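Undergrad: Submitted below is the structure of interest, expressed as structure tokens.
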Amino acid sequence: MKPTGNPITPQGYAAMRARYDALLGKDRPEIVEIISWAAGNGDRSENGDYIYGRKKLREIDRELARLARRMKAARVVNPAEQPDKDRVFFGATVTIADEDDEHRTVTIVGDDEADAGAHRIGWGSPLARALRGAALGDLRTVRLPAGDKEWEVVEIAYG
Numbered sequence: 000m001k002p003t004g005n006p007i008t009p010q011g012y013a014a015m016r017a018r019y020d021a022l023l024g025k026d027r028p029e030i031v032e033i034i035s036w037a038a039g040n041g042d043r044s045e046n047g048d049y050i051y052g053r054k055k056l057r058e059i060d061r062e063l064a065r066l067a068r069r070m071k072a073a074r075v076v077n078p079a080e081q082p083d084k085d086r087v088f089f090g091a092t093v094t095i096a097d098e099d100d101e102h103r104t105v106t107i108v109g110d111d112e113a114d115a116g117a118h119r120i121g122w123g124s125p126l127a128r129a130l131r132g133a134a135l136g137d138l139r140t141v142r143l144p145a146g147d148k149e150w151e152v153v154e155i156a157y158g
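In numbering that gives the first Met the number 0, the protein residues as written are 0 to 158.
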């Protein structure tokens, strides 16, 4: 299955939605309250609370707009419902080995939920693009800044 648009796992979408709800329901009202209080203190040109509050409010509004756009474009794909589990597609956890037989396990997730520290790579990353459609034993070459690197698919799991 080849997802189009902005694929995301159900867990990734839930985390994005939780972030949006927290910003809109908690953080933004707190900042608006601080700005209102600071505005009531008089001169706004030298009022640090007011200036900082307005700056913080703009940051929150930008993040809310970004999250709203990403959620609108998101297409939730459940990896457990993948019909062809013998090939690498969205949501696959793949173990690959390089020329030196060093193994690496990565999970292919949406670009919005990628986290290199947790071994989750974005669907649009060079490694994920190279692995798409691969089966066990396939060799895939990834073009990296340091040069091309070849990986062999050792294991594929969906979960």
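Just so it is clear, CB atoms sit at the ideal spot from N, CA and C, and this is done for glycine as well.
Note that the structure is a prediction, hence the values are computed from the model and not measured.
If the criterion is Cβ atoms closer than 8 Å, does the pair V93 and E154 meet it?
TA: Indexing the sequence shown from 1 puts residue 93 at position 94. Indexing the sequence shown from 1 puts residue 154 at position 155. Cβ distance < 8 Å, so V93 and E154 count as in contact.
Undergrad: Buried or exposed for E101, going by 16 or more other Cβ atoms inside 10 Å?
TA: Translated into the one-based positions of the sequence shown, residue 101 becomes position 102. So E101 ends up on the exposed side.
Undergrad: Just to confirm the assignment, what range does the alpha helix (DSSP H) spanning D18 have?
TA: As a working note, residue 18 is residue 19 in the sequence shown. Inspection of the sequence shows that residue 18 is occupied by Arg rather than by Asp. P9 to A21 is the span of the alpha helix (DSSP H), which, as asked, contains R18.
Undergrad: Give me, in chain order, the residues of the same chain whose beta-carbon lies closer than 7 Å to that of A127; leave out the 5 immediate sequence neighbours on both sides.
TA: Position 128 of the sequence shown, counted from the first residue, corresponds to residue 127. For A127, where only same-chain residues beyond five positions count, the Cβ hits under 7 Å are I107, I120 and G121.
Undergrad: Should the stretch 52-67 be called in touch with the stretch 22-35, which here means at least 3 C-beta pairs below 8 Å?
TA: Flag = yes, the stretch 52-67 and the stretch 22-35 touch.
Undergrad: For A129 and G136, I'd like the C-alpha separation in whole angstroms.
TA: Locating residue 129 in the sequence shown gives position 130, where the first residue counts as 1. Locating residue 136 in the sequence shown gives position 137, where the first residue counts as 1. C-alpha separation (whole angstroms): 14 Å.
Undergrad: Are A79 and Y157 closer than 8 Å when you measure CB to CB?
TA: Within the sequence shown, the letter at position 80 stands for residue 79. Within the sequence shown, the letter at position 158 stands for residue 157. Closer than 8 Å, so yes.
Undergrad: Going by beta carbon distance, what residues of the same chain come within less than 8 Å of I7, once the five residues before and after it are set aside?
TA: The sequence position of residue 7 within the sequence shown is 8, counting from 1. Same-chain partners within the cutoff: M15, A73, R74, V75, V76, V108, G109, D111 and E112.
Undergrad: Can you tell me which of A145, L138, G146 and L22 puts its alpha carbon nearest to the alpha carbon of A96?
TA: For the purposes of this step, residue 96 is taken as residue 97 along the sequence shown, with counting starting at 1. Ranking the options by Cα distance to A96, first place goes to L138.
Undergrad: Measure from the alpha carbon of D85 to the alpha carbon of each residue in G146, Y19 and G132, then state which is nearest.
TA: For the purposes of this step, residue 85 is taken as residue 86 along the sequence shown, with counting starting at 1. Here the closest residue by C-alpha is G132.
Undergrad: Measuring alpha carbon to alpha carbon, tell me which residue in G146, L66, D147 and V105 is nearest N5.
TA: Counting from one through the sequence shown, the residue named residue 5 turns up at place 6. The residue with the shortest Cα to Cα distance from N5 is L66.
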